[in-house]
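Worksheet for the structure shown next.
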Amino acid sequence: MNELARLPSVDRLLSEAALQNSLAEHGRSLITAAARAELIAAREAMQGGAALPTQAQLLDAIEEHLARRTRPRLQPVVNLTGTVLHTNLGRAVLPESVVEAIARAASAPCALEYDLASGGRGDRDDIVEALLCELTGAEAATVVNNNAAAVFLLLNTLAQKKEVVVSRGELVEIGGAFRVPDIMRRAGAKLVEVGTTNRTHRRDFEEAVHAKTALLMKVHTSNYAIEGFTAAVPEPELAQVAHANGLSFVVDLGSGTLVNLEQWGLPHEPTPKESIAAGADLVTFSGDKLLGGPQAGLLVGRRELIAKIKKNPLKRCLRVGKLTLAALEATLALYRDPERLPQRLEVLRLLTRSEQEIREQAQRLLPIWQVALASWPLLATVEPTLSQIGSGSLPVNRLPSFALVARPRGKRSGALQRLHGALRRLDPPVLGHIAEDALRLDLRCLDAQNEAVFGEHLARLDPPA
Ligand SMILES: *Cc1c(COP(=O)(O)O)cnc(C)c1O
Numbered sequence: 448m449n450e451l452a453r454l455p456s457v458d459r460l461l462s463e464a465a466l467q468n469s470l471a472e473h474g475r476s477l478i479t480a481a482a483r484a485e486l487i488a489a490r491e492a493m494q495g496g497a498a499l500p501t502q503a504q505l506l507d508a509i510e511e512h513l514a515r516r517t518r519p520r521l522q523p524v525v526n527l528t529g530t531v532l533h534t535n536l537g538r539a540v541l542p543e544s545v546v547e548a549i550a551r552a553a554s555a556p557c558a559l560e561y562d563l564a565s566g567g568r569g570d571r572d573d574i575v576e577a578l579l580c581e582l583t584g585a586e587a588a589t590v591v592n593n594n595a596a597a598v599f600l601l602l603n604t605l606a607q608k609k610e611v612v613v614s615r616g617e618l619v620e621i622g623g624a625f626r627v628p629d630i631m632r633r634a635g636a637k638l639v640e641v642g643t644t645n646r647t648h649r650r651d652f653e654e655a656v657h658a659k660t661a662l663l664m665k666v667h668t669s670n671y672a673i674e675g676f677t678a679a680v681p682e683p684e685l686a687q688v689a690h691a692n693g694l695s696f697v698v699d700l701g702s703g704t705l706v707n708l709e710q711w712g713l714p715h716e717p718t719p720k721e722s723i724a725a726g727a728d729l730v731t732f733s734g735d736k737l738l739g740g741p742q743a744g745l746l747v748g749r750r751e752l753i754a755k756i757k758k759n760p761l762k763r764c765l766r767v768g769k770l771t772l773a774a775l776e777a778t779l780a781l782y783r784d785p786e787r788l789p790q791r792l793e794v795l796r797l798l799t800r801s802e803q804e805i806r807e808q809a810q811r812l813l814p815i816w817q818v819a820l821a822s823w824p825l826l827a828t829v830e831p832t833l834s835q836i837g838s839g840s841l842p843v844n845r846l847p848s849f850a851l852v853a854r855p856r857g858k859r860s861g862a863l864q865r866l867h868g869a870l871r872r873l874d875p876p877v878l879g880h881i882a883e884d885a886l887r888l889d890l891r892c893l894d895a896q897n898e899a900v901f902g903e904h905l906a907r908l909d910p911p912a
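Sequential numbering of the sequence shown, starting at 448, is according to this note's numbering.
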C-alpha cells in the first residue's frame with residue numbers, strides 16, 4: 448500500500464488537541480503554513496526512503512517550525528563578553544524606572560510637542576532641555592538620534608564651506624563607520640589638521656586660524672591612548688584661542704558621563720560640565736554609553752548656537768521619537784540623586800560591582816560549569832579576568848572581575864569555538880570571549896536574579912558534536 452497516502456491532511460493535524468494552544472496563540476494562517484511545510488518535508492523524506500512519521504513526530508515538527516518562525520529576530524542575549532557597554536549588543540541596559548517611562552509614553556498619547564499651559568504648540572526638546580542644562584551647566588540643549596548625528600549636525604550648521612581645526616592626535620575612528628575626517632567632509636566642512644600624532648601645541652592652533660576658520664574642535668580620544676612623549680592643548684587654552692579670534696570652541700566627548708566616576712573607584716571620564724566650565728561653546732555626547740540611557744546624541748552649550756542648530760532642516764531628519772525622549776528624561780532624572788546612582792542606574796551598578804561579589808558568584812557557578820563541560824575536551828575553571836567598560840572609555844582602564852573559563856586539555860583544538868557555538872544555541876544565547884586559547888564568561892554582567900536561570904541553561908548545553 449502507498450505509505451504516502453497515510454500522511455494526515457493539514458485539516459486533520461489542525462484539529463488535533465495538541466495544537467489548540469498554538470492555534471490560539473499564533474492564529475490559523477501561521478499554523479496552516481507550518482503544517483503544510485512539515486507535511487511536504489515528511490513526504491520528501493519518505494520518497495528518500497524514510498519511514499512514515501508518527502503523529503507525535505509531526506506535531507513536534509510543527510511546533511518547532513512555529514517556534515523558529517515566531518521568535519523575534521531581535522533576541523535578548525546574556526552578555527558575558529567582558530565588555531559592559533557592547534555596541535553590537537545594544538550598549539546600555541536600561542533601569543526599570545526608564546523602561547516604565549518608555550511603556551507609559553508608548554501606551555497613551557503624550558504631550559510631546561504640546562504646551563499644556565497655553566494649549567499651543569510645544570517643542571520636543573523642552574522635555575529634557577532644563578534637566579540637561581541643570582546637569583551640565585549649559586545654557587541650552589538639543590537632542591538627536593545619536594552622537595554621530597550630533598557631531599554631523601553641529602559641523603553642518605556651524606562650519607559648512609568653512610574650516611575646522613583639529614589636532615592630528617584626535618582624528619578618531621569609532622567602530623569603523625564613524626571617522627572624524629569622513630563626517631567632516633560629509634557635513635561640508637574642511638578639516639584642518641594641526642600638530643603631530645603625539646604632540647600638538649597652542650601655537651599650532653593659533654597659526655591655523657584665518658578668515659575661513661569656523662571652529663576649533665577637540666575630539667575625546669575615546670578608544671585609544673597616546674602615551675610617552677606627548678602634548679595636548681588643555682580645553683581652557685583652546686577656548687581662549689578660539690574666543691580671541693571670534694570663533695567657537697566645540698568638544699566631541701563621546702561617552703560623556705554626567706558625574707565624576709572616580710567617587711566609585713572608576714577611571715576618570717571627562718564630563719560635559721567640565722568642558723562647559725573650561726569654556727567650550729558646544730559639547731556633544733552619547734545617551735547610551737556611560738550616561739546609561741537610550742541611544743541619543745546630546746548637544747549642550749551656548750543658547751544662540753543651539754538655536755542655529757535647531758533651525759537647520761537636518762535637525763528634523765535627525766530628531767528623536769517620544770520613546771527616546773521618555774527614556775532620556777527618566778535616565779537624566781536619576782542623576783539628580785547621585786548618591787543612589789550606583790543602585791539605580793544599571794550601567795553604573797554593573798561597573799561598580801565588587802570583585803569579591805563576582806568571585807563568590809563564580810564559585811557558586813563553578814560546579815555547574817564543570818558538569819556542563821564534563822563531556823568536552825576542556826578544563827573548566829574560575830579565573831580572575833579584566834572587564835572593559837566599552838563604547839569609548841579608555842580600553843587601558845580595565846575593571847578586575849572573575850570568569851568561568853574553559854581551556855583545551857592538551858593540544859589546541861577547535862573545541863573552544865564549538866563550545867562557544869553551543870553556548871550561543873542556548874535560549875537565551877550566552878556570549879563569551881575567546882582569547883589566549885581560552886573561552887571566558889566574565890560574570891560582571893550576570894545579575895543575581897539571572898544567575899539561577901543561567902545555571903539551568905548551562906545544564907542544557909549540547910554535548911560536543
Ligand atoms: C562613540 C563616539 C561617537 C559616536 O557616537 P554614537 O552615539 O555611537 O553615534 C563619536 N565621537 C566619539 C568621540 C565617540 O566616543
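Even for Gly, the Cβ is constructed at its ideal location relative to N, Cα and C.
Asked                                                                                                                             : Found
Rounded straight-line distance, which links the Cα of residue 573 to that of residue 562                                          : 10 Å
Closer than 7 Å: residue 482 CB and nearest ligand 1 heavy atom                                                                   : no
Presumed contact (8 Å Cβ cut-off) between residue 680 and residue 627, rounded CB distance                                        : Contact flag wrong, Cβ pair sits at about 17 Å.
Best match in 487, 739, 858 for proximity to residue 774 [C-alpha to C-alpha]                                                     : 739
Residue 701 beta carbon near ligand 1 (any heavy atom closer than 7 Å)                                                            : yes
Distance cut-off 7 Å: residue 706 Cβ against heavy atoms of ligand 1                                                              : no
Alpha carbon of residue 474 to alpha carbon of residue 514, nearest angstrom                                                      : 13 Å
N- and C-terminal bounds of the beta strand (DSSP E) containing residue 673                                                       : Per DSSP, residue 673 belongs to no beta strand (DSSP E) and is neither H nor E.
Beta bridge counterpart(s) of residue 835 as assigned by DSSP                                                                     : 530, 845
Residue 701 - containing beta strand (DSSP E), residue span                                                                       : 695-701
Pairwise C-alpha distance: residue 604 and residue 764                                                                            : 14 Å
Contact belief for residue 747 with residue 730 at Cβ below 8 Å, rounded distance in angstroms                                    : 5 Å
Beta-carbon contacts of residue 757 that lie in its chain and below 6 Å, excluding the five residues immediately before and after : 589
CB-CB length for residue 586 against residue 749, believed under 8 Å                                                              : 6 Å
Cβ-Cβ distance between residue 866 and residue 825 below 8 Å                                                                      : yes
Where residue 640 falls: helix, strand or coil (DSSP)                                                                             : strand
DSSP state of residue 830 mapped onto helix, strand, coil                                                                         : strand
8 Å contact criterion, which residue 863 and residue 881 should meet: CB distance rounded                                         : 5 Å
Beta strand (DSSP E) segment containing residue 610, residue limits                                                               : 610-614
Contiguous beta strand (DSSP E) assignments of at least 3 residues, all confined to the segment 573-626                           : 587-591, 610-614
Distance between beta carbons of residue 873 and residue 527, contact taken as under 8 Å                                          : With 8 Å as the limit, residue 527 and residue 873 do not qualify as a contact, their Cβ atoms being about 11 Å apart.
Cβ shell of residue 699 (< 6 Å), same chain only, five flanking positions each side left out                                      : 598, 666, 731
Three-way DSSP call (helix, strand, coil) for residue 717 in this model                                                           : coil
Residue 889, enclosing beta strand (DSSP E) - first and last residue                                                              : 885-889
Closer than 7 Å: residue 619 CB and nearest ligand 1 heavy atom                                                                   : yes
Buried versus exposed call for residue 682 [16 or more other C-beta atoms within 10 Å across all chains shown]                    : buried
Among 668, 641, 635, the one whose alpha carbon lies nearest that of residue 619                                                  : 668
Three or more C-beta pairs below 8 Å linking the segment 646-658 and the segment 607-621                                          : yes
Assigned secondary structure, residue 757 (DSSP; H/G/I helix, E/B strand, else coil)                                              : helix
Whole-angstrom C-beta distance between residue 636 and residue 595, which should lie under 8 Å                                    : Wrong, their Cβ atoms sit about 15 Å apart, outside the cutoff.
Counted within 10 angstroms of its Cβ, other Cβ atoms place residue 450 as buried (16 or more) or exposed                         : exposed
Host alpha helix (DSSP H) of residue 690 (start-end)                                                                              : 682-691
Residue span of the alpha helix (DSSP H) that contains residue 902, given as start and end                                        : 895-906
Through-space distance from residue 529 to residue 736, alpha-carbon basis                                                        : 15 Å
Spatially closest choice to residue 711 from 518, 794, 503, 777, by CA coordinates                                                : 794
Residues near residue 856 in its chain [Cβ-Cβ closer than 8 Å; skip 5 each side]                                                  : 824, 825, 826
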